[in-house]
Structures are given as C-alpha cells and as structure tokens.
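Written below as structure tokens is the structure these notes are about.
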Amino acid sequence: MPSLTLDKTDLRILAELQLDGRLTNVELAERVALSPSPCLRRLKQLEESGVIRQYVALLDPAHIGLGLQAWVRVTLEKRGNMHLQSFIEAVQNWPEVINCFAMTGEMDYLLQVYFEDMEHFSRFVMDELLQHPGVEDVKSSFVLKEIKRTTALPLGQMRGM
Numbered sequence: 001m002p003s004l005t006l007d008k009t010d011l012r013i014l015a016e017l018q019l020d021g022r023l024t025n026v027e028l029a030e031r032v033a034l035s036p037s038p039c040l041r042r043l044k045q046l047e048e049s050g051v052i053r054q055y056v057a058l059l060d061p062a063h064i065g066l067g068l069q070a071w072v073r074v075t076l077e078k079r080g081n082m083h084l085q086s087f088i089e090a091v092q093n094w095p096e097v098i099n100c101f102a103m104t105g106e107m108d109y110l111l112q113v114y115f116e117d118m119e120h121f122s123r124f125v126m127d128e129l130l131q132h133p134g135v136e137d138v139k140s141s142f143v144l145k146e147i148k149r150t151t152a153l154p155l156g157q158m159r160g161m
C-alpha cells in the first residue's frame, strides 16, 4: 500500500508514464492538464515515495535472438532450508531467468526464462538447474504464442483512496 495519498492527477501521471516512461516533463504535464512545475513536483514525490521504483527500456526478445520463452517450475528438497538461500543466490546469477517467484502449491519456484533455442534451454536445465544441490524436480512449459504482454499495473483500485 503506498505511503502517499494519490489523487486523480497522480493516477493520470502514473497511467501516462506506464504507457511511455520517456515522456518529458512538459509532455507529461500537457497530457495530465498541469503546468510543468506542479507536474514535476508530483513526479518527484511519486519517485521519492517509492510508488515509481525505476524507469527501464523494454526490449523485444525476438529482435535480440531470444526466440524461446519458457516457464519453469522448480521443486526443492524438503529436508531443511540449507539449499534455499543457495538456490536464491544462483537464480540471481542466471541471466536467462528474468523473473523468479516463490510459490504456494505444487512447486516452490516459478521461473520465467528466455533462450536462443532448445539447445540453449537444454544446456541451462542440464548444466545449471539440475546440477544445483537441492533441486528435486523441474517441469517446463513453453510459450507458443504471446496473447498479451504489458508492464502496466492496474490503477482502478486506487480511485477510492
């Protein structure tokens, strides 16, 4: 929950920046019907409060040779937590892993991964993932077609705040 009370203008600023994080302050101010100075003040407040945590460039995986996307479900051995921290540290060093989530249910972790091709995927699973101590089971699903991709978070729940 944000530590800042957000009004309609703040929400419009956030919505516009989620569409285009490279907007200049003048462009952003025009889109949200503010003058540049108050817009910049609000933007700085959103950044300093942590509501806006960073700005990034989103790359198209296919254009940089990463044509195979997979979701990998990982189950660790249940004997103690000795492999838990080691696994978390290893994930940080695997560039193929772009997201890792600790999960409830049948798996312990869900990895979103990108590869050049099936050979690259096979090397990753055989040489990295299955070689890691504590990994008990690995199951993979490959993306056949991307239906929706966005980084924009929904803001509708903020209207009542």
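Counting along the sequence shown from 1, when you hit position 98 you're at 98 in the UniProt record's numbering, and nothing is skipped either side. All residues carry an ideal CB built from backbone N, CA and C; glycine is no exception.
Helix, strand or coil, according to DSSP, for residue i in the structure here?
i: Ser35; result: coil
i: Asn81; result: coil
i: Arg12; result: helix
i: Leu144; result: coil
i: Val97; result: strand
i: Ala90; result: helix
i: Val113; result: strand
i: Ala152; result: coil
Residue i bridges to which residues according to DSSP?
i: Thr75; result: Asp137
Output needed for residue i: all residues of its chain with C-beta closer than 6 Å, excluding positions within five of it in sequence on either side, in chain order.
i: Ile64; result: none
i: Leu11; result: Leu155 and Met158
i: Leu46; result: Ile52
i: residue 166; result: Since the displayed the chain opens at 1 and closes at 161, residue 166 lies outside it and no answer follows.
i: Ala152; result: Gln18
Name the residue from the options whose alpha carbon lies nearest to the alpha carbon of residue i.
i: Ala90; options: Gln131, Pro61, Trp71 and Ala70; result: Gln131
i: Gly50; options: Leu14, Asp137, Arg79 and Asn81; result: Leu14
i: Leu19; options: Val125, Val56 and Gln45; result: Val56
i: Phe115; options: Ile52, Leu66, Lys145 and Leu84; result: Leu66
i: Val138; options: Val32, Asn25, Val97 and Arg73; result: Arg73
i: Thr75; options: Leu111, Ile98, Leu68 and Gln92; result: Leu111
i: Asn93; options: Thr151, Phe124, Glu48 and Arg22; result: Phe124
i: Ser122; options: Arg79, Leu68 and Ala33; result: Leu68
i: Asp7; options: Gly21, Val32, Leu23 and Arg22; result: Val32
What residues in its chain sit with their C-beta under 8 Å from that of residue i, if we drop five residues either side in the sequence?
i: Ser35; result: Ala29
i: Met1; result: Because Met1 carries a pLDDT of 47, less than 50, the predicted location of this residue cannot be relied on, and the following value inherits that uncertainty. If we look at Met1 and ignore the five residues flanking it on each side, it has no Cβ neighbours.
Using a Cβ-based criterion (distance less than 7 Å to any ligand heavy atom), does residue i qualify as near the ligand ZN?
i: Asp137; result: The ligand ZN is not part of the structure shown, which contains no ligands of any sort.
To which residues of the same chain is residue i closer than 7 Å at the C-beta, ignoring the five residues directly before and after it?
i: Tyr109; result: Val74, Cys100, Phe101, Ala102 and Met103
i: Glu136; result: Thr75, Leu76 and Glu77
TODO: May I ask you to verify whether the segment 93-106 touches the segment 40-47, counting CB pairs closer than 8 Å and requiring at least 3?
DONE: No contact exists between the segment 93-106 and the segment 40-47.
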